[in-house]
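Undergrad: Just so you know, the sequences run in chain order Z and A.
Here the first sequence stands for residues 67 to 416, where the numbers follow this note's numbering.
Here the second sequence stands for residues 67 to 416, where the numbers follow this note's numbering.
There's a structure below that I have some questions on.
Number of protein chains: 2
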Amino acid sequence: MPCSIVPREPGARTSAERVGAVPGETELIDRYFRLLGAVRGDVALGIGDDAAVLQVPDGHELVQTTDALVPGAHFLADDQPGSIGHRLVAANLSDLAAMGAQPAWALLSLTMPGVDEPWLAAFARGLGLLARAQGVALVGGNLARGPLNASLTLSGLVPRGQALRRDGGRPGDDLWVSGFPGEARAGMALRHPQLRAAALPGADGLDAGARAALVARWEYPDARTALGVALRGLASAAIDVSDGLWVDLGRLAQASGCAALLEEESLPVSVALRAAAGPGAWLELLAGGEDYELCLAAAPARAAAIQAAAAATCTPLARIGRLVAGTGVQLLRAGAVTQFSAPGFDHFGT
Amino acid sequence: MPCSIVPREPGARTSAERVGAVPGETELIDRYFRLLGAVRGDVALGIGDDAAVLQVPDGHELVQTTDALVPGAHFLADDQPGSIGHRLVAANLSDLAAMGAQPAWALLSLTMPGVDEPWLAAFARGLGLLARAQGVALVGGNLARGPLNASLTLSGLVPRGQALRRDGGRPGDDLWVSGFPGEARAGMALRHPQLRAAALPGADGLDAGARAALVARWEYPDARTALGVALRGLASAAIDVSDGLWVDLGRLAQASGCAALLEEESLPVSVALRAAAGPGAWLELLAGGEDYELCLAAAPARAAAIQAAAAATCTPLARIGRLVAGTGVQLLRAGAVTQFSAPGFDHFGT
Numbered sequence: 067m068p069c070s071i072v073p074r075e076p077g078a079r080t081s082a083e084r085v086g087a088v089p090g091e092t093e094l095i096d097r098y099f100r101l102l103g104a105v106r107g108d109v110a111l112g113i114g115d116d117a118a119v120l121q122v123p124d125g126h127e128l129v130q131t132t133d134a135l136v137p138g139a140h141f142l143a144d145d146q147p148g149s150i151g152h153r154l155v156a157a158n159l160s161d162l163a164a165m166g167a168q169p170a171w172a173l174l175s176l177t178m179p180g181v182d183e184p185w186l187a188a189f190a191r192g193l194g195l196l197a198r199a200q201g202v203a204l205v206g207g208n209l210a211r212g213p214l215n216a217s218l219t220l221s222g223l224v225p226r227g228q229a230l231r232r233d234g235g236r237p238g239d240d241l242w243v244s245g246f247p248g249e250a251r252a253g254m255a256l257r258h259p260q261l262r263a264a265a266l267p268g269a270d271g272l273d274a275g276a277r278a279a280l281v282a283r284w285e286y287p288d289a290r291t292a293l294g295v296a297l298r299g300l301a302s303a304a305i306d307v308s309d310g311l312w313v314d315l316g317r318l319a320q321a322s323g324c325a326a327l328l329e330e331e332s333l334p335v336s337v338a339l340r341a342a343a344g345p346g347a348w349l350e351l352l353a354g355g356e357d358y359e360l361c362l363a364a365a366p367a368r369a370a371a372i373q374a375a376a377a378a379t380c381t382p383l384a385r386i387g388r389l390v391a392g393t394g395v396q397l398l399r400a401g402a403v404t405q406f407s408a409p410g411f412d413h414f415g416t
Numbered sequence: 067m068p069c070s071i072v073p074r075e076p077g078a079r080t081s082a083e084r085v086g087a088v089p090g091e092t093e094l095i096d097r098y099f100r101l102l103g104a105v106r107g108d109v110a111l112g113i114g115d116d117a118a119v120l121q122v123p124d125g126h127e128l129v130q131t132t133d134a135l136v137p138g139a140h141f142l143a144d145d146q147p148g149s150i151g152h153r154l155v156a157a158n159l160s161d162l163a164a165m166g167a168q169p170a171w172a173l174l175s176l177t178m179p180g181v182d183e184p185w186l187a188a189f190a191r192g193l194g195l196l197a198r199a200q201g202v203a204l205v206g207g208n209l210a211r212g213p214l215n216a217s218l219t220l221s222g223l224v225p226r227g228q229a230l231r232r233d234g235g236r237p238g239d240d241l242w243v244s245g246f247p248g249e250a251r252a253g254m255a256l257r258h259p260q261l262r263a264a265a266l267p268g269a270d271g272l273d274a275g276a277r278a279a280l281v282a283r284w285e286y287p288d289a290r291t292a293l294g295v296a297l298r299g300l301a302s303a304a305i306d307v308s309d310g311l312w313v314d315l316g317r318l319a320q321a322s323g324c325a326a327l328l329e330e331e332s333l334p335v336s337v338a339l340r341a342a343a344g345p346g347a348w349l350e351l352l353a354g355g356e357d358y359e360l361c362l363a364a365a366p367a368r369a370a371a372i373q374a375a376a377a378a379t380c381t382p383l384a385r386i387g388r389l390v391a392g393t394g395v396q397l398l399r400a401g402a403v404t405q406f407s408a409p410g411f412d413h414f415g416t
C-alpha cells in the first residue's frame, strides 16, 4: 500500500479487511436490490453503472413521479418493513395510474441510520413483490447513511398525447371514484390505535375478517394501474385521492375550472368501513388520504364505456356526482347543497 | 362545513385559516420550485399534476440516475443551502456525464423538519441556477416533513446504443481523467477544518485565491456534461470519480475485466492542490471523492480525438495510465509497480 488514504468515515477499511464485517454499500445493493422487480427487455443497462439506460418505444411519452415515505409522517417505527416497501411502490404507481401510464422503471433512494439486514430484506421483498406484479424493474438507486427516508422515482409510458390530466374536466361531466376511499384511514386507525387517527365507534364490534381487510388496505394497498390504462381516451380528467377525496377532487375541479358536486348517497362505502365507522362517522374518513384510488371525470355519454373499463379491470367504480359551473367542492346531502371545505393531508400547513 | 374532518396532523387547518400562517406544501412548491431550471419544449406537463409527461425523441434512450444529500454524510448544518442545492444537481449531472447523456429533466424529493423559507429560497436558487445552466427542467417532486434529506432523480437522453458504460475497456486502452481530482477534498478540509478531512500541511501558506478556488471546487463543483457528450463513440468506457479516483477506477477496470496501471507522474495536480497538500500528501486526496470528474478508457488510436474533444469542451484532461491484463489498480511509481488498495467512500463499510 503506497500511501495511507484518509478514510471518508472513521474506521473505514479496505475490502480485504471487510470480510465478515458489516457489508458495504455495494454489497448491500447486490444482496437486496439488484434484479428486484420485473425483468424487462427494455432495460439496456440496469443497476451497476453510473446510470440506467432505458428504451422508450417510439411514439410514446415518458411519465415520471416521485414519492417519499418518512417515519412519523407516513409510517411508524413498528410498521412492517415489507408494508413500507409495498406502500412506497403503491404511492408512485397510483400517481402513474392517474395519468393512464403503464409503469416501467423505478429508482430508489434509501437513507438508513445503519445496516439492519432483516429490515432491509423485508423492505426489499415488499418493494420487489409489488414492483414485479406491476411489471416494474428497479433500475437504479442510492443508499446513504442518515435518518430513515425512502424515496422512489417511478417512470412509465403512455402513447403520445394520451396521458390523463387533471385539467380536462368540463361542466356536466360525471365524477367517478374507484374502490372505497376511507378504508386506508380506518385501517391505519385500527393498526395504530394510539394515534387516534379516526373515530371508529364500531371498531370493537368488528369481526376479524373485516378488521384484517381494513388493515390490509392501509398496509398493502392496491394501485389502479389497469383501470388508469383502460381510461385513456375515456376520462376527461383524472387524479388519485392519496391526499384525501375532498382535497384531491378539489384539485381536479380547480384545474378543470369547475366545481365538484358530490352526492352523499352515491359515495361508496364498504360494509367493513360502515361497520367500523358507524353511519355518522365514515364520511370523515374520506379526508384521511393514503387511499390509492382514482377519481375521474368523464362525459355522461362515456358512462357505459367507463363502467365496462371498470368491469374489465375488476375495479369497483362508483359514480359520485358531477362537475358543474363554479368553484370548490359541494356536497348534496338530503336535497341541500353545502359548500364543502376540509383539509386533506398537507405536510406543512398549520 | 358538513363534518369535522380528522386532521392528518395535529393542528392542521383549512385553507381559509391558513392565510398568513405557515405556507402549505402546495404553496411552497409554487413559491420555490415551479418553473425551476430550464424551460424545455419537450415537457408536455410539468409540476402540478400527478406526474410529469415528457417527450423522448424517437431513436433515443433514456438515461436515469438518482443521488441524495444527507446532513453529516454529505454536508454540514452550516453549509450554504445554495451550495447544497448546487451539489445535489452536480452529483446527478456527473452520473449522466459518465454515460455520455444530455441531461433533461429532474424530480426532487425534499424532506425538511419545518418551513425555513430563507433556507428553501437559497437551496432552490442553487439547484435552479445549475439546472438552468445545464438545460435541466425541474418537472416534479415531493415535499415532506422529517429529518433533512434531499434526493434528486435526473433523466437524460442519448442516441440509441451510444451510452458510455463502465465495461467496454480493453487491455491497452489509455486511461484519462478530467480536471484535478482531490481538489474537492482539499476544499472540504479548508471549509470545515474541524472535520480533519485531510492533511493539508500547506493550508496556512495558501493565498486567498488558491483557498477560494479549492473551497469552490467543494461547494460549487462543475459537472463534465459537455465532455461526456463529446466522448460518445470515442471512449471505450467511462465512470465518474465521485467516490474517489482509486475506487471508481477500480470499478471501471473490474467491469472491463482488466487491471488499471496508473503512472504517478502523469496524475494531474493543480498548483493550488500541490500548494495546499505539499508534495507528499496530495496523492491521498485522490481518494477523497466528491470530485465530479470523469475517468475514461480509450484505444490509443483515439488519443488525438480525445484530446480534441477535451479542447472543444474546455475541459482539462490528462492521460494517467492504461488498462492492462490482470485485476485491481496498480501504481507505477519511480519505475516500480505497486498493487494499490485503498478505500474510497462507502456509507456502510466498516
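For each residue, glycine too, the CB sits at the ideal point set by N, CA and C.
Keep in mind it's a predicted model, so treat the numbers as computed, not measured.
#1: For aspartate 144 of chain Z, count the other beta carbons within 10 Å of its own beta carbon; 16 or more makes it buried, fewer makes it exposed. Which is it?
#2: Reducing DSSP to helix, strand and coil, say where methionine 254 of chain Z ends up.
#3: Anything in chain A within Cβ reach of isoleucine 305 of chain Z, meaning under 7 Å, just list it in chain order.
#4: For the region 163-200 of chain A, list the alpha helix (DSSP H) runs that are entirely contained and at least 4 residues long, ordered along the chain.
#5: Measuring alpha carbon to alpha carbon, tell me which of Z:Leu297, Z:Ala190, Z:Glu356 ends up nearest isoleucine 372 of chain Z.
#6: I need the DSSP call for glutamine 396 of chain Z, collapsed to helix, strand or coil.
#7: If we ignore side chains and look at the alpha-carbon of each, how far apart do proline 247 of chain Z and alanine 391 of chain Z end up?
#8: Taking its Cβ as the centre, do 16 or more other Cβ atoms sit within 10 Å of aspartate 273 of chain A, making it buried, or is it exposed?
#9: Note down, one range per segment and in chain order, each beta strand (DSSP E) of at least 3 residues found wholly within the region 328-371 of chain Z.
#10: Taking CB distances under 8 Å as the criterion, tell me whether proline 184 of chain A reaches chain Z.
#11: To the nearest angstrom, how far is it from the Cα of alanine 342 of chain Z to the Cα of glycine 354 of chain Z?
#12: Could you check if arginine 97 of chain A is buried or exposed, using at least 16 other CB atoms within 10 Å of its CB as the buried criterion?
#13: What are the residues in the region 120-150 of chain A lying within 8 Å of chain Z by C-beta distance?
#14: Near leucine 352 of chain Z, what residues of its chain come up, given a Cβ to Cβ distance below 6 Å and the 5 sequence neighbours on each side ignored?
#15: Determine the closest residue to alanine 167 of chain Z out of Z:Leu389, Z:Gln200, Z:Gly294, Z:Ala188, with distance taken between C-alpha atoms.
#16: Mind checking which residues open and close the beta strand (DSSP E) that includes leucine 320 of chain A?
#17: Which residues mark the beginning and the end of the alpha helix (DSSP H) in which arginine 277 of chain A is found?
#18: Taking contact to mean at least 3 C-beta pairs separated by less than 8 Å, is the region 173-180 of chain Z in contact with the region 205-223 of chain Z?
#19: Using a Cβ-Cβ cutoff of less than 8 Å, which residues in the same chain neighbour serine 332 of chain Z once the five nearest sequence positions on both sides are dropped?
#20: Quick check on DSSP: helix, strand or coil for leucine 159 of chain A?
#21: Since glycine 103 of chain Z and valine 224 of chain Z are thought to touch, with beta carbons under 8 Å apart, how far apart are those beta carbons, to the nearest angstrom?
#22: Measure from the alpha carbon of leucine 195 of chain A to the alpha carbon of each residue in A:Leu339, A:Ala110, A:Val105, then state which is nearest.
#23: Which partner residues of histidine 126 of chain A appear in the DSSP bridge assignment?
#24: Can you tell which of Z:Ala164, Z:Leu186, Z:Ala190, Z:Glu91 has its C-alpha closest to the C-alpha of alanine 172 of chain Z?
#25: In the DSSP output, what is aspartate 133 of chain A paired with across the bridge?
#26: Helix, strand or coil for glycine 90 of chain A? Go by DSSP, reduced to three states.
#27: Could you check where the beta strand (DSSP E) with leucine 383 of chain Z kicks off and where it finishes?
#28: Check whether the Cβ of serine 175 of chain Z lies closer than 8 Å to any Cβ atom in chain A.
#29: Report all residues from its chain with a CB closer than 8 Å to the CB of arginine 262 of chain A; omit the five preceding and five following residues, and keep chain order.
#30: Less than 8 Å between CB atoms is the rule here; does leucine 322 of chain A satisfy it with respect to chain Z?
#31: Give the range of the beta strand (DSSP E) segment to which valine 119 of chain Z is assigned.
#32: So for arginine 211 of chain A, helix, strand or coil by DSSP?
#33: Got a sec: which bits of the region 252-283 of chain A sit with their beta carbon under 8 Å from any beta carbon on chain Z, in order along the chain?
#34: Would you say alanine 110 of chain A reaches chain Z, if we count a Cβ-Cβ gap shorter than 8 Å as a contact?
#35: Roughly how far, in whole angstroms, is the beta-carbon of alanine 282 of chain A from the beta-carbon of glycine 253 of chain A, given that I think they are within contact range, below 8 Å?
#36: Tell me the DSSP secondary structure of serine 244 of chain Z in three-state form.
TA: So, to answer that:
#1: That one is exposed.
#2: Here methionine 254 of chain Z sits in helix by DSSP.
#3: Near isoleucine 305 of chain Z (Cβ distances below 7 Å), the residues of chain A are Asp116.
#4: Restricted to the region 163-200 of chain A, the alpha helix (DSSP H) segments that are unbroken, complete and at least 4 residues in length are 183-199, listed in chain order.
#5: Considering only alpha carbons, the answer is Z:Leu297.
#6: Of the three classes helix, strand and coil, the one that applies to glutamine 396 of chain Z here is strand, per DSSP.
#7: Each residue's CA atom was taken as its position, placing proline 247 of chain Z and alanine 391 of chain Z some 25 Å apart.
#8: By the neighbour-count definition (other C-beta atoms within 10 Å, threshold 16), aspartate 273 of chain A is an exposed residue.
#9: Qualifying beta strand (DSSP E) stretches, in chain order: 360-364.
#10: False, the Cβ-Cβ gap to chain Z never drops below 8 Å.
#11: A straight-line Cα-Cα distance of about 15 Å links alanine 342 of chain Z and glycine 354 of chain Z.
#12: Residue environment: arginine 97 of chain A is assigned as exposed (fewer than 16 neighbouring CB atoms within 10 Å of its CB, all protein chains considered).
#13: Those residues of the region 120-150 of chain A that come within reach of chain Z (Cβ to Cβ, closer than 8 Å) are Leu120, Gln121, Val122, Asp124, Gly125, His126, Glu127, Leu128, Val129, Gln130, Thr131, Thr132, Asp133, Ala134, Val136, Pro137, Gly138, Ala139, His140.
#14: Hits under 6 Å: Pro247, Gly248, Leu311.
#15: Closest option to alanine 167 of chain Z, Cα to Cα, is Z:Gly294.
#16: The displayed chain sequence assigns glutamine, not leucine, to residue 320 of chain A. Run containing glutamine 320 of chain A: none in the beta strand (DSSP E); it sits in the alpha helix (DSSP H), 311-321.
#17: DSSP places arginine 277 of chain A inside the alpha helix (DSSP H), whose first and last residues are 274-285.
#18: A contact exists between the region 173-180 of chain Z and the region 205-223 of chain Z.
#19: Hits under 8 Å: Ala384, Arg385, Ile386, Gly387.
#20: Looking at leucine 159 of chain A - three-state DSSP - the assignment turns out to be helix.
#21: Contact between glycine 103 of chain Z and valine 224 of chain Z fails: their C-beta atoms lie close to 20 Å from each other, not under 8 Å.
#22: The shortest C-alpha separation from leucine 195 of chain A is found at A:Val105.
#23: Beta-bridge annotation (DSSP): histidine 126 of chain A is paired with A:Pro225.
#24: Checking every option, the nearest Cα to that of alanine 172 of chain Z belongs to Z:Ala190.
#25: In the DSSP assignment, the residues bridged to aspartate 133 of chain A are A:Leu218.
#26: In this structure, glycine 90 of chain A counts as coil in the three-state DSSP scheme.
#27: Counting along the chain, the beta strand (DSSP E) containing leucine 383 of chain Z begins and ends at 383-390.
#28: Serine 175 of chain Z counts as touching chain A.
#29: Excluding sequence neighbours, arginine 262 of chain A sits near Ala255.
#30: Checking the displayed sequence, the identity of residue 322 of chain A turns out to be serine instead of leucine. So, not an interface residue.
#31: Element bounds for valine 119 of chain Z: 118-121.
#32: Arginine 211 of chain A sits in a strand when the DSSP states are folded into three classes.
#33: Residues of the region 252-283 of chain A with a C-beta less than 8 Å from any C-beta of chain Z: Ala263, Ala264, Ala265, listed in chain order.
#34: Closer than 8 Å: yes.
#35: Confirmed, about 7 Å.
#36: Strand at serine 244 of chain Z.
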